[in-house]
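Visitor: Numbering-wise, our numbering comes out as the position in the first sequence, counting from 1, plus 109.
Before I ask anything, let me first share the structure, which is written out below as structure tokens.
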Amino acid sequence: MSRYDFAQTELKWQAIWEQRRCFAAHEDATRPKYYVLEMFPYPSGRIHMGHVRNYTLGDVVARFKRAQGFNVLHPMGWDAFGLPAENAAMQRRVHPAAWTRENIATMRQQLQRMGLSYDWEREFATCDPEYYAHEQKMFLDFLREGLVYRREAWVNWDPVENTVLANEQVIDGRGWRSGEPVERRKLAQWFLKITEYADELLDTLKELERWPERVRLMQENWIGRSEGARVLFRLAGRDDRLEVFTTRPDTLFGASFCAIAADHPLAVERAENNPALAAFLADCARGATSEAAIETQEKRGFDTGLRALHPFDAEWQLPIYVANFVLTEYGTGAIFGCPAHDQRDLDFARAYGLPVVPVVAPTDIGAASFSIGAEAYLGPGRLINSRFLDGLSVAEAKAEVTRRLVADGAGEKKINFRLRDWGVSRQRYWGCPIPILNCPKCGILAVPEADLPVRLPEDVDFEAPGNPLDRHPTWKHVICPQCGGAAVRETDTFDTFFESSWYFARFCSPHAANGLDRAAVDYWMPVDQYIGGIEHAILHLLYSRFFTRALRRCGRLGVDEPFAGLMTQGMVCHETYRAEDGRWLSPDDVVREGDRWTEHQSGRPVVVGRSEKMSKSKKNVVDPEGIIEAYGADTARLFMLSDSPPERDLEWTDAGVEGAWRFVNRLWRMVETAVEDAPAEAGDASDGAAVAALHRDVHTTISRVTEDLDKFGFNRAVARIRELTNSVADLTGETPPIREARRKALGIIVQLIGPLMPHLAEELWQRLGHNRLLALEPWPIADPALLVKDRVTLGVQVNGKLRGTLEFAMNADEAQIRSAALALPKVAEAIGGRALRKVIVVPNRIVNVVV
RNA sequence: GCGGGCGUGGUGGAACCGGUAGACACGCGAGACUUAGGAUCUCGUGACGCAAGUCGUGGGGGUUCAAAUCCCUCCGCCCGCACCA
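Put into structure tokens, the structure is as follows:
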């Protein structure tokens, strides 16, 4: 028997699939379509295990659906713009374009080695002008539709490098290269009005039934619809008013201060004549802009000296503070603080010695004895200390306050969203240029259609900090199309989420001159199954949902939702290793001898840490290429699928890979033995039963594996296939009927592993005597007659504890089961002569005797 | 800080809708085969116990004839937070 030569076999079938264009997709109205898409990768250099997992999952779905008769679209491309290319340019003096192209070439070759059934004819990279040209047009369409506007927004500013920093470039409030504390700066930037669709994006979540519940929840919370009131506070000694949004208008009588954001117009105004306040505002402008950074910093405030008048009592004055925890972007950038019923307000009030008056008391505690300690009270109750609201429920009080505010012209009911408009301007080189001109006479203008696309210039340098587009000698200088005078280009580029917000539609017509060919897009969209990491649960998916609606509004496509089904896969993890001195060690650097782990080079002991997400910084990475070289793509794929369910984290272990490898070889041997045909033996009567049992097993397995794959239960499917493999191995003997049954069962196993281990399956399929490619074969169908179970095993419990089992025909008579259960010796013993209170018989499942 | 999730043997996990916990693997132990094997095959393997049996799904509490599954609470870990992709 020959050994399985995986390397030669895998390359052979990959060449045949490509030659025959097995996976090229064409629109065909006579067949049901199925569009399966994995999140396309950023070409960072080499593929990592996360990619291998993601693309294996997608490929299994693609191959399975193809076998089930669907017309499958399964494309792949490159999310090619982004920060790492610029970092490489600065650190290694390679041009971002060259670096990106090189990485794409490497990674394409690595993906092809995995045997993924992509239609490579549809491949594109988002840094191709043929790709980004269309998004410049889309942006101008959106501008015409009123979906785009320009305003100032905060950025992280590195004062040493004179550069805008991404949040990830801010480490502990300092620039990653300069090490200096970052500042917040305001810059004019372009925004897309995603908030115009806030309601729709929220409401439609309900209809995304094939999305994970948790992703829908996260999006719901992100959009953050909240009902409340807009309250206008008059200001002592002034004519203008302070506008505040609150979700708790019922607590208005518990207010003890107002707080405004550091860049609120009132704060800025008061700082003009108040150096201490100005210093405080400057202090607030230090530090990173991320919400996590802002919300975890110490809560601090500064009294502006302004006093707000309570809307229901002009005698009642509330101090107005500037507070560093009030977010400019949320609501009106101003709040009223009710310390008794909001934790942040309480922390603030305790720090600044402000009164804490409870106004809602839980019904089971008397109003008199209710007081607030270290924790704000957020629960339900009745209003107290609140004049005309006393005794009302929270809901009633909200309604009543709002009614009175409206009557007094001091406020109104208001629905507010946490969702903010999407800022798309980036002060970077390696992105899609924003097609806008700035003329000193005519103002801000769109680049005329005829001049599109605005191409990125290639001749740029990264020696100086800041945006190379901005300091390019000629690129930004243009003639104004309106007045013929000198004008300049916008030197910002788009957020790279822009590219990934419509690439799924471009795959439908990747070569169409007009970007999206309606016939093709209408045929393929929406994506039936989208697969990718949970880390994209909010931003990428929400932007894509918005973009799809914006494109629909411009008539470029006809669907609302881009992704009908979504699967979010978990991370790939590995144990971590550290040397005694704390250095991280790579799995390649350590050896295990029994329970002892040592450093390969020095023989010094190694501390084994828990399994964590593979990351370069912890060195716990395993390179997929090495695994594929050593074991082949099928083994890597099988391991990715067999242990953990896709949505859960997967722990990469050598032992697990070995296990997968052994199964590959076991199947190979079994098929080799089966086709070698040892001399036949005479059969006997017992063969019939064994053959029939295997036959039933085969059909049960077909049915269960089909169901498992439908539900993405790949690990269960693998377990079922292994069980059937064990059954085939257990059927010994060389009589003709046994031999025939074994060959048939192996044929089915080969078909079932087809989507999981396509190369091995293709090879074995041929060896079993088939001429057609397995990749083109239909999926096996289970015979329903063989799926009916005729006997069941019932558990018998006494007071919920298992005391024995009974075998019965399906749907046997309950009275019979009951008496048989009571007759079991162990059951009788457990009852011990006590009186029966009840006997519960759950048909075909369990009997519980209650005494 | 806010939002979301996860937790089952030595390990990864299985268990449909509340109904026999631990399928399938990995690891480990014993044996067989072999010149040899880190190959292959057979048997065993949740814990405690000689056994009968008892205990057991992160901890505590509750609902139920019956809870890994439902409810409350606590703990631990992970992910996202708008300029990483």
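Idealized CB from N, CA, C, for every residue including glycine.
To the nearest angstrom, report how far apart V431 and R293 are at their CA atoms.
Guide: Whole-angstrom Cα-Cα distance: 17 Å.
Visitor: Please go through the same chain and pick out, in chain order, the residues whose beta-carbon is closer than 7 Å to the beta-carbon of F607, but skip the five residues on each side of it.
Guide: Result list for F607: E244, V533 and C541, in chain order.
Visitor: Buried or exposed, going by whether 16 or more other CB atoms sit within 10 Å of the CB of D925?
Guide: The sequence given here places Gln at residue 925; Asp does not occur at that position. Exposed is the call here.
Visitor: Go through its chain and collect everything with a Cβ distance to V269's Cβ below 7 Å, but skip five positions before and after it.
Guide: Cβ neighbours of V269 beyond the five flanking positions: G284, S287 and E289.
Visitor: Please return the same chain residues whose Cβ sits closer than 8 Å to the Cβ of P150, not counting the five positions on each side in sequence.
Guide: Here the set comprises I156, H160, W187, D188 and M216.
Visitor: Quick one: what does DSSP say G909 is sitting in, helix, strand or coil?
Guide: Reduced to three states, the DSSP call for G909 is coil.
Visitor: So, for L561: in the same chain, excluding its five sequence neighbours on each side, which residues have a beta-carbon less than 7 Å away from its beta-carbon?
Guide: Same-chain partners within the cutoff: A242, Q245, K246 and P544.
Visitor: Going by alpha carbons, who is nearest to G909 out of V960, K315, A783 and D698?
Guide: Comparing Cα positions, the closest option is V960.
Visitor: List the whole-angstrom C-beta distance separating A555 from L252, where the pair is believed to meet the contact cut-off of C-beta under 8 Å.
Guide: Confirmed, about 6 Å.
Visitor: Which same chain residues, not among the five before or five after L166, have their C-beta less than 8 Å away from its C-beta?
Guide: Correct list, in chain order: E147, I640, M676, Q678, M749, L750, P755, F821 and F823.
Visitor: For V273, I'd like the list of residues in its chain whose CB is within less than 6 Å of its CB, leaving aside the five on either flank, ordered along the chain.
Guide: Hits under 6 Å: V264 and Q536.
Visitor: Taking 8 Å as the cut-off, does the region 445-463 touch the region 407-426 (at least 3 CB pairs, one atom from each stretch)?
Guide: The region 407-426 is in contact with the region 445-463.
Visitor: Which residue comes first and which comes last in the beta strand (DSSP E) that contains R260?
Guide: Here the beta strand (DSSP E) through R260 covers V257 to D267.
Visitor: In chain order, what residues of the same chain lie with their CB nearer than 7 Å to the CB of L565, ignoring the 5 residues before and after it?
Guide: So the list reads P542, once near-sequence residues are dropped.
Visitor: So, L882 versus I858, is the Cβ gap smaller than 8 Å?
Guide: The answer is no: Cβ separation not under 8 Å.
Visitor: What is the rounded straight-line gap between the Cα of H581 and the Cα of K507?
Guide: Between H581 and K507, the C-alpha separation is close to 58 Å.
Visitor: Assign H243 to one of three DSSP states: helix, strand, or coil.
Guide: H243 falls in the helix class under three-state DSSP.
Visitor: Of all the options T914, A918, L945 and S928, which has the alpha carbon lying nearest to the alpha carbon of I955?
Guide: Of the listed residues, the one whose Cα sits closest to I955 is T914.
Visitor: Between F342, E136, E849 and L896, which lies nearest to G797 when the distance is taken from Cα to Cα?
Guide: If we check each option's Cα against that of G797, E849 comes out closest.
Visitor: Excluding five sequence neighbours on each side, which residues of the same chain lie with their C-beta closer than 7 Å to the C-beta of L694?
Guide: Cβ neighbours of L694 beyond the five flanking positions: Y686, R687, A688, E708, V715 and K728.
Visitor: So F115 and D763 are in contact, right, with Cβ under 8 Å, and what is the actual spacing, rounded?
Guide: That belief does not hold up - the Cβ atoms of F115 and D763 are roughly 17 Å apart, past 8 Å.
Visitor: Exposed or buried, which one is K984 when buried takes at least 16 other CB atoms within 10 Å?
Guide: The structure shown does not extend to residue 984, since the chain is modelled only from 110 through 960, so no value can be given for it.
Visitor: Going by the C-beta, is N494 closer than 7 Å to any heavy atom of the ligand ADP?
Guide: Only the bare structure without any ligand can be found here, which leaves the ligand ADP out of the picture.
Visitor: Below 6 Å CB to CB, which residues in the same chain sit around V279 once its five sequence neighbours on both sides are set aside?
Guide: Excluding residues within five positions, the ones whose Cβ falls inside 6 Å are N265, V291 and A397.
Visitor: Considering only C-alpha positions, which residue in the set N494, R746, A614 and L578 is nearest to L865?
Guide: For L865, the nearest C-alpha among the options comes from R746.
Visitor: Please report the residue range of the alpha helix (DSSP H) in which T441 lies.
Guide: Counting along the chain, T441 falls outside any alpha helix (DSSP H), and DSSP gives it neither H nor E.
Visitor: Around the C-beta of N163, are 16 or more other C-beta atoms found within 10 angstroms, so that it is buried, or is it exposed?
Guide: N163 comes out buried.
Visitor: For V800, count the other beta carbons within 10 Å of its own beta carbon; 16 or more makes it buried, fewer makes it exposed. Which is it?
Guide: With 16 or more other Cβ atoms within 10 Å, it is buried.
Visitor: Rounding to the nearest angstrom, what Cα-Cα distance links F434 and D372 in this structure?
Guide: The alpha-carbon atoms of F434 and D372 are separated by roughly 12 Å.
Visitor: State the CB to CB distance for the pair I524 and G442, rounded to an integer number of angstroms; the pair is presumed to be in contact (CB under 8 Å).
Guide: With a Cβ gap of about 17 Å, I524 and G442 do not count as contacting.
Visitor: Rounded to whole angstroms, what's the CA-CA distance from L666 to R627? Just pull it up for me.
Guide: Near 6 Å, if we compare the C-alpha coordinates of R627 and L666.
Visitor: Might you give, ordered along the chain, the residues of its own chain that have their beta carbon closer than 7 Å to the beta carbon of F389, omitting 5 neighbours on each side?
Guide: So the qualifying residues of the chain are F411 and V431.
Visitor: Is the distance from the Cβ of M723 to the Cβ of V730 below 8 Å?
Guide: In contact: M723 and V730 (Cβ atoms closer than 8 Å).
Visitor: Which stretch, first to last residue, makes up the alpha helix (DSSP H) that contains R661?
Guide: Here the alpha helix (DSSP H) through R661 covers L648 to R662.
Visitor: From which residue to which residue does the beta strand (DSSP E) around N547 run?
Guide: Segment I545 to C548, the beta strand (DSSP E) holding N547.
Visitor: Secondary structure at P290, three-state DSSP: helix, strand or coil?
Guide: It is a strand residue.
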